[in-house]
Structure formats: structure tokens, C-alpha cells
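Participant:
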Amino acid sequence: MTTPGHGRYGEAVFRPEQAGEDDRIDLGALAYDDMTMDRLRALGAGPGWNCLDVGAGTGTIARRLLEEAGVASVLAVDRDTRFLQARPLPGLAVLEADVSAPGFDPGRRFQLVHARFVLMHLRAWRSLISGLGGLLAQDGVLVLSDAIDLTTGTAAPSPYTRVMQAMWQGLRDTIGTDISWVADYPRHLREAGLGSVAAEVRVPPLLPGSPISLFWAGTWDRARESIVATGLVDDATVDEAIGYLGSPDCAALSPGMITAWGRRPAPG
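Quick note: the sequence shown uses the working numbering, first residue 235, plus one each step.
As C-alpha cells, this is what we get:
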């Protein structure tokens, strides 16, 4: 087994200064935001709630919490906040910080702490689950989402499955991305001391021209160097897989999103 890489998301790959990176992030948002908001509203996010959005990206969930759920405030945190700063909104505070840094603490406690597609890229994911849970107010809810790949490890080989497998391997080699543990999210939340733990998996359909298909095509293109460096595929295979995503012949299952949640119990 290869040793996880020591690069970082946003530096070794998916650099925010690269033209179009905000558009790629927003394609992911178009694919997953409705699913996320359905869950957050079902958990009670609404008026009076103060929320922390970790790895907020372009801020789509933070803004929807304010504009649609009517929460009182959102603190949006990211290591690079250029996309957040570009779209200010009343009630939205922006903090440029590294949540994986020792001692990270915004100095407040929240009814909701949310992170999506963040912990899978961080080697300290286990301690971060506990750390983020520690930022909850009493009865506050921690909601964590990451990618879960249900098929490519067992599906028949094709350019699509081969490139998807090479992407996960390439990201692991480059920045340490690891989704092998995410199916155990409920257990990890319970071990972090949270109660009322549950989880769900949602998978957006791969349709030609759909946000998720365009997202994967853009992701593969931007991560092409690390994908090809695995030796599992070459450039031509990546191009073939990208073409397949836009074809009416596409018949495959996208990696989905597992969302797990748990509440901070009352003392005693």
C-alpha cells in the first residue's frame, strides 16, 4: 500500500487561484446542496440558530441557511476565503483559518456545526470529529458529509471506473484523501460522545450535462497529473472517461455523499 501524500487540498491540487475553480465547486454545490439543505432543515436548522460552516468553499450552504432556513448567523471558515469574501451577505461572517490546526476555536458555540467534503481530505479526521463536536452548544448538532464510492471497486472495468479508481488513488498519494473510513461515520460520532446518531447516503444521477457529470469531468481534468501518475490510466483513458460522462450511452453510478449527524447531549 502506498503512503498517503503530504500535499494539501488547495495547494497540491484544486488551487483556488486556478481559473474556474469556483465554478467547479459550484457544480458540486448544484449536485448536493438540495440534499444537504433537506437534512439540515429536518434537523431543525432555522430561526435563532447560530451555525458554523467548515470548509465553506464558495459559501452556497452558508447563504442558503441564512436566506432559506432563516438562521440567525453563519460563521463560514476556510483556509482560503477569496470566494466567500467576494459574496458578502448580512449575517454571514467569514474566518480564514485552518480547522485542523492545534487549538482551533472560534470562541463561540453553535447550534449547528457542518462540514461537507472536508474531513476525507484531512489525515487528522478522527480528532477533528471530536474537535468539531466540542464546538456545539448543548443539544447542538454536528453534521458531516463526505464522499462514498459504492461501486467502482467491484464494477466491471471501463474507462469510467478505471479513472474513478485512479482519481481516489492519485488524491491519496498527493494529499492523503481517504474515503475508506466514511461508512463508519455513525460509530465515529458515537465514540466522540454524541447522541441521536444516524446517517444516510444520497447519490445524484449521472446524466449528460448534469452538474455532477460536469463536476467529475472538471475534477478529473484538474487532478489529471496525480491521476496519470498512479500508472493505472493514461491521458487517453482520462479523455475517454470524460467523453463518456457527456454521452447518452453513459450508464454508471456516481460516488455519492454520506451524511452523518449527532447531537451534543445534555450534561448528566
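Every residue gets a Cβ at the ideal spot worked out from N, C-alpha and C, and that includes glycine. Everything numeric in this text was worked out from a predicted model, so none of it was measured.
Arg313 to Ala306, Cα distance in whole Å?
Facilitator: Distance between the alpha carbons of Arg313 and Ala306 is about 24 Å.
Participant: Determine the closest residue to Ala485 out of Phe351, Gly427, Pro438, Asp468, with distance taken between C-alpha atoms.
Facilitator: Measuring from the Cα of Ala485, the nearest candidate turns out to be Pro438.
Participant: When the Cβ atoms of the segment 420-438 are set against those of the segment 342-357, are three or more pairs found closer than 8 Å?
Facilitator: In short, these stretches do not touch, since the Cβ pair count stays below three.
Participant: Enumerated in chain order, which unbroken segments of the beta strand (DSSP E) with a length of 3 residues or greater are wholly contained in the segment 310-350?
Facilitator: Runs found: 326-330, 344-350.
Participant: Which residue wins for smallest C-alpha separation from Gly289, given the options Trp495, Ile492, Leu384, Asp380?
Facilitator: The residue with the shortest Cα to Cα distance from Gly289 is Asp380.
Participant: Which residue from Pro393, Met401, Asp287, Asp268 puts its Cα closest to that of Gly367?
Facilitator: Selected option, being the one with the closest Cα: Asp287.
Participant: Do the segment 454-473 and the segment 395-410 touch if we need at least three Cβ pairs shorter than 8 Å?
Facilitator: A contact exists between the segment 454-473 and the segment 395-410.
Participant: Express the C-alpha separation of Ala320 and Gly282 in angstroms, rounding to a whole number.
Facilitator: About 26 Å.
Participant: To the nearest angstrom, how far is the alpha carbon of Met235 from that of Thr386?
Facilitator: In this prediction, Met235 scores a pLDDT of 43, lower than 50, which makes its location untrustworthy; the coordinate-derived value is nonetheless stated afterwards. Taking the straight line from one Cα to the other gives about 18 Å.
Participant: May I ask you to verify whether the segment 445-459 touches the segment 416-434, counting CB pairs closer than 8 Å and requiring at least 3?
Facilitator: They do not touch, by the three-pair rule.
Participant: How many angstroms separate the CA atom of Glu255 from the CA atom of Val352?
Facilitator: Going by the C-alpha atoms only, they are around 16 Å apart.
Participant: For the putative contact between Gly365 and Phe338, defined by C-beta atoms under 8 Å, what is the C-beta separation to the nearest angstrom?
Facilitator: Confirmed, Cβ separation roughly 7 Å.
Participant: Between which two residues does the alpha helix (DSSP H) harbouring Trp402 extend?
Facilitator: Where Trp402 is concerned, the enclosing alpha helix (DSSP H) stretches over 393-409.
Participant: Alpha carbon to alpha carbon, how far is Thr471 from Val333? Give it in angstroms, no decimals.
Facilitator: For Val333 and Thr471, the distance between alpha carbons rounds to 36 Å.
Participant: How many angstroms separate the CA atom of Ala363 from the CA atom of Arg342?
Facilitator: Checking the sequence shown, residue 363 turns out to be Ile, not Ala. Computed Cα separation, rounded: 17 Å.
Participant: Using only the alpha-carbon positions, how far apart do Met491 and Pro501 sit?
Facilitator: Between Met491 and Pro501, the C-alpha separation is close to 32 Å.
Participant: DSSP three-state label for Val352, please.
Facilitator: Reduced to three states, the DSSP call for Val352 is coil.
Participant: Can you tell me whether DSSP reads Trp450 as helix, strand or coil?
Facilitator: Residue state, collapsed to three classes: helix.
Participant: Write down the C-beta distance between Pro489 and Ile382 rounded to the nearest angstrom, noting that I regard them as a contact closer than 8 Å.
Facilitator: Going by Cβ atoms, the distance from Pro489 to Ile382 rounds to 6 Å, so yes, they are a contact pair.
Participant: Can you grab the Cα-Cα spacing for the pair Leu329 / Leu299, in whole Å?
Facilitator: So the alpha carbons of these two residues sit roughly 17 Å apart.
Participant: Using CA coordinates, which residue listed in Ala303, Leu277, Gly293, Phe317 is at the minimum distance from Leu309?
Facilitator: Of the listed residues, the one whose Cα sits closest to Leu309 is Gly293.
Participant: What is the DSSP secondary structure of Val416, reduced to helix, strand or coil?
Facilitator: Three-state result, Val416: helix.
Participant: Taking 8 Å as the threshold, find out whether the segment 412-424 comes into contact with the segment 439-451 through three or more Cβ pairs.
Facilitator: Not touching, per the Cβ criterion.
Participant: Rounded to whole angstroms, what is the Cα-Cα separation between Leu441 and Thr395?
Facilitator: Roughly 16 Å separates the two Cα atoms.
Participant: Among Asp468, Gly291, Leu323, Met271, which has the Cα closest to the Cα of Ala400?
Facilitator: The option with the nearest alpha carbon to Ala400 is Asp468.
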